[in-house]
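Sequence order for the protein chains is A and B.
Basically the numbering used here = 1-based index in the first sequence + 55.
Basically the numbering used here = 1-based index in the second sequence + 55.
All residues carry an ideal CB built from backbone N, CA and C; glycine is no exception.
This one's a predicted model, so the numbers in the text were calculated from it and none came from an experiment.
First up is the structure itself, then whatever we jot down about it.
There are 2 protein chains.
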Amino acid sequence: MADQKIPQVTAKRLPLYYRYLEKLHAIGKQRVSSAALAEALQIDPATIRRDFSYLGELGKKGYGYNVNYLLQFLRDFLRQDEVTNVVLIGVGNLGTALLRYNFYRSHNTKIVAGFDIDEGKIGMDIDGVPVYSMNRLKEVLELHSVEVAILTVPVSAAQSTTDQLVNAGIRGILNFTPARLNVPSHIRIHHIDLTVELQTLIYFLKNFPTNESKGEQNG
Amino acid sequence: MADQKIPQVTAKRLPLYYRYLEKLHAIGKQRVSSAALAEALQIDPATIRRDFSYLGELGKKGYGYNVNYLLQFLRDFLRQDEVTNVVLIGVGNLGTALLRYNFYRSHNTKIVAGFDIDEGKIGMDIDGVPVYSMNRLKEVLELHSVEVAILTVPVSAAQSTTDQLVNAGIRGILNFTPARLNVPSHIRIHHIDLTVELQTLIYFLKNFPTNESKGEQNG
DNA sequence: TGCCTTTTGTGATGATATGCACATATTTAT
DNA sequence: ATAAATATGTGCATATCATCACAAAAGGCA
Ligand SMILES: NC(=O)c1ccc[n+]([C@@H]2O[C@H](COP(=O)([O-])OP(=O)(O)OC[C@H]3O[C@@H](n4cnc5c(N)ncnc54)[C@H](O)[C@@H]3O)[C@@H](O)[C@H]2O)c1
Ligand SMILES: NC(=O)c1ccc[n+]([C@@H]2O[C@H](COP(=O)([O-])OP(=O)(O)OC[C@H]3O[C@@H](n4cnc5c(N)ncnc54)[C@H](O)[C@@H]3O)[C@@H](O)[C@H]2O)c1
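Below you can see the structure in the form of C-alpha cells.
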C-alpha cells in the first residue's frame, strides 16, 4: 500500500475530504471536481488532486471524481468502519465538554471511559460514558482495547498521568495540556495548545493588519 | 522591525519559549542555552537559535541567553503587557469550558463576553463573564474594543454567525466548528478541528505502528 | 595571561509542501 | 462523428522549514 509515502499534511486533509464527501453523498451528488472541492474546502485544487494522487488514480479526466467511489475508497483507506475506542483523562471543564461531544455520533471514534482522581467525579456517568478511578486504568484499557488517550488534566499532573498511561500500554496521546511530555519514542503525541493558537492568531492580527497572505493550516 | 520576516512556524513557537522562560525566571535561573531549551521543549536547538536570530542577536557566544533579557525582549515583542479582549460566540459545552478556563490568569488575553441565542443562557454570568444576546454584539464589541472572536456554535450556525461577526467589525476568528467559513480577505481565520486532530493521531498510529519519525508540530 | 571549553549565529543543504501550467484523456454537445 | 469543453495527473519551479556543521566569539579555569 502507498501508506508509507503519504505526506503528513495530506494525512491531515484526508478526513476533511471524507467529511465533505459524506455531505455530498447525503444530498445525492454523484460527481465532484477538484475545483468544486477546492471551493468548498478552501484548499487549492492542485493540492487536492495531488493529495488524491498519493492514493492512486481515483478520478477520471474530463469528468472528475465519482463521489461514491471516492467516499468508499477513503472509508477503506482511513478505516472509517473500524471503531476506535479512546479514553479521556481528567474530567474537568474541557474534558467534560469533549466527553459530551463525543466523536462517535458522526465518526468512528468513541470515548469509552473517563478517568479522574476527584472522588466526586468517580462513578459518574456523563452521557453514557462512565468515569473511573485512575487505579482502574489498565483494566479498562485492556477491556476495551484502548490505545489512544485524550489528556485534559491540569498541567501539574500531566507528566505523572502520562507515565501511568504509558505504563498501562497506551500508544498515542492527544495532549491538551501545555506540558511537553516525556515519553518513550514509540509513543506518539499530538499537542493541541489552545492558548498558543489564540496567541498566534492575535500576533498575526497585530503584526499584519492587512492580511494578504493565505491562512496557514490549522487543525 | 523584523516583524515582516518572521516565519509562521516561528511565530507559533515564540509563545512556547516565552512560557518556558517565565518558568525559568520564576525559579531564579539566570541563563539558559539553546540546548537546555531544546531539551525542555523538544525542539531542535538549531531551530531555536534560528528562531531567535530572526529577532536579533539575543544570545552571547559561549554563554547562552540571559533569561531576564530574553524574557523581557519576548514580552515586548509579543506585546504581552497589552491585554487583548476577545469574545466567545456559542456558550455550549466547549464554549463554557473555554470561558471557565479563560486565558487571562496566565496570559494577556481576556474573554470579556459570551454570546448565545439560547434565552436560558442570556444574562448568565460564568466566572465573571456575562453572556449576552446576539443583538448586542456590535455594541459590546465596540465597548471593549474587541477584534477577535472564538467561535463555538453548532456547525449549522457557523456561517451566519460569522457574517454577523464580520458585520460587527471583527478581524480575527478562532474557529472550533468544522465549517469552512467564507469571509472577506482581510479577516483572518484559524481553524482548530478537534475531530481531525484525533483522527489524524489515530491514522498515524494505525499506519506507522513503530513510529520513528519525529512528531509534527501540533498547536 | 593564555588556553581550553562552551555556545552562538548562520551558510549550506536537505526535506517537505504548494501551486502553476499543460499534455492527455474523457465527456458533452451538435 | 467531430469538435469543443472539461478536468485529471504530474513535471517543475518556488516556497517554506529543519538541521548539519563550523567559524567565531566569549566565558572560565589554571
Ligand atoms: N478548559 C480550557 O478551555 C482549556 C484551554 C486551554 C488549555 N487547557 C488545558 O487543559 C487541561 C484541563 O483544563 P480544564 O480547564 O479542564 O481543568 P480542570 O481543572 O477543570 O479539570 C482537570 C481535571 O483533571 C482532574 N485531575 C487532576 N489531577 C489528576 C490526576 N492526577 N489524574 C487524573 N485526573 C486528574 C481533576 O480532578 C479535574 O477534574 C489543563 O492542562 C489546561 O491547561 C484547558
Ligand atoms: N464540544 C466539543 O468537545 C467539540 C469537539 C469538536 C468540535 N466541536 C465543535 O464546536 C462547536 C460547539 O460544540 P458544543 O459541543 O459546545 O455544542 P453545544 O451545542 O453544546 O453549544 C453550542 C452553543 O451555541 C449556541 N448557539 C446555537 N446557535 C447559535 C447562534 N446562531 N448564535 C449564537 N449562539 C448559538 C447554542 O445555544 C449553544 O449554547 C460545534 O461546532 C462542534 O462541532 C466541539
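- Taking a 10 Å sphere around the C-beta of residue 106(B), we find 16 or more other C-beta atoms and assign the residue as buried.
- At least one beta carbon of chain A lies nearer than 7 angstroms to the beta carbon of residue 67(B).
- In terms of beta-carbon proximity, residue 227(B) lines the interface with chain A, with at least one pair separated by less than 7 angstroms.
- 7 angstroms or more divides the Cβ of residue 259(B) from the Cβ of residue 247(B).
- Contact between residue 138(B) and residue 166(B) does not hold, since the beta-carbon distance rounds to 11 angstroms and is not under 8 angstroms.
- Any Cβ of chain B closer than 7 angstroms to the Cβ of residue 80(A) would place that residue at the interface, and such an atom is absent.
- Comparing C-alpha distances from residue 251(B) to each of 233(B), 244(B) and 242(B) shows the shortest one belongs to 233(B).
- Under the 8 angstroms Cβ criterion, the region 118-138 of chain B does not count as touching the region 211-226 of chain B, having fewer than three qualifying pairs.
- According to DSSP, residue 247(A) shares a beta bridge with no other residue.
- Contact check between the region 216-223 of chain A and the region 188-206 of chain A: three or more CB pairs, one atom from each, fall below 8 angstroms, which counts as touching.
- Within the region 100-165 of chain A, complete alpha helix (DSSP H) segments of at least 4 residues are found at 100-108, 122-132 and 148-156, given in chain order.
- Under the three-state reduction of DSSP, residue 259(B) is assigned to helix.
- The region 147-154 of chain A and the region 122-130 of chain A do not touch, with fewer than three beta-carbon pairs separated by less than 8 angstroms.
- Distances between the C-beta of residue 145(B) and the heavy atoms of ligand 2 include at least one below 6 angstroms.
- Taking a C-beta cut-off of 7 angstroms against chain A, the contacting residues of the region 154-188 of chain B are 155, 156, 158, 162 and 164, listed in chain order.
- Here residue 184(B) carries a strand assignment [DSSP, helix/strand/coil].
- For the alpha helix (DSSP H) assignment, the uninterrupted runs of no fewer than 4 residues enclosed by the region 197-225 of chain A are, from N- to C-terminal side, 210-222.
- Distance from residue 119(A) to residue 86(A) at the Cβ level is roughly 5 angstroms; contact confirmed, criterion being Cβ atoms closer than 8 angstroms.
- In the three-state DSSP reduction, residue 190(B) falls in the helix class (H, G or I).
- Contact of residue 199(B) with chain A is not assigned, every C-beta pair being separated by 7 angstroms or more.
- Closer than 7 angstroms at the C-beta level to chain A, one finds these residues of the region 87-112 of chain B: 95, 96 and 97.
- Under the Cβ criterion of 7 angstroms, residue 258(B) is counted among the residues facing chain A.
- The beta carbons of residue 253(A) and residue 256(B) sit no closer together than 7 angstroms.
- Per DSSP, the beta-bridge partners of residue 86(A) are 121(A).
- Between residue 141(B) and residue 164(B) the beta-carbon gap is near 6 angstroms, inside 8 angstroms, which marks them as a contact.
- Using a Cβ distance threshold of 7 angstroms, residue 71(A) and residue 92(A) do not count as a contacting pair.
- Under the Cβ distance rule, residue 148(B) counts among the residues neighbouring chain A, one pair being separated by less than 7 angstroms.
- Excluding five sequence positions before and after residue 60(A), the CB atoms of its chain that fall closer than 7 angstroms to its own CB belong to 109, given in chain order.
- Checking the DSSP bridge columns, you'll see residue 170(A) partnered with 144(A) and 187(A).
- According to the DSSP secondary-structure assignment, residue 230(A) is paired through a beta bridge with 206(A) and 246(A).
- Between the C-alpha atoms of residue 78(B) and residue 84(B) there is a straight-line separation of about 9 angstroms.
- Interface with chain A (7 angstroms Cβ-Cβ cutoff): residue 251(B) is included.
- In the structure shown, the three-state DSSP call for residue 238(A) is coil.
- The nearest non-hydrogen atom of ligand 1 is 6 angstroms or more from the C-beta of residue 157(B).
- In this structure, residue 251(A) has its CB at a distance of at least 6 angstroms from all heavy atoms of ligand 2.
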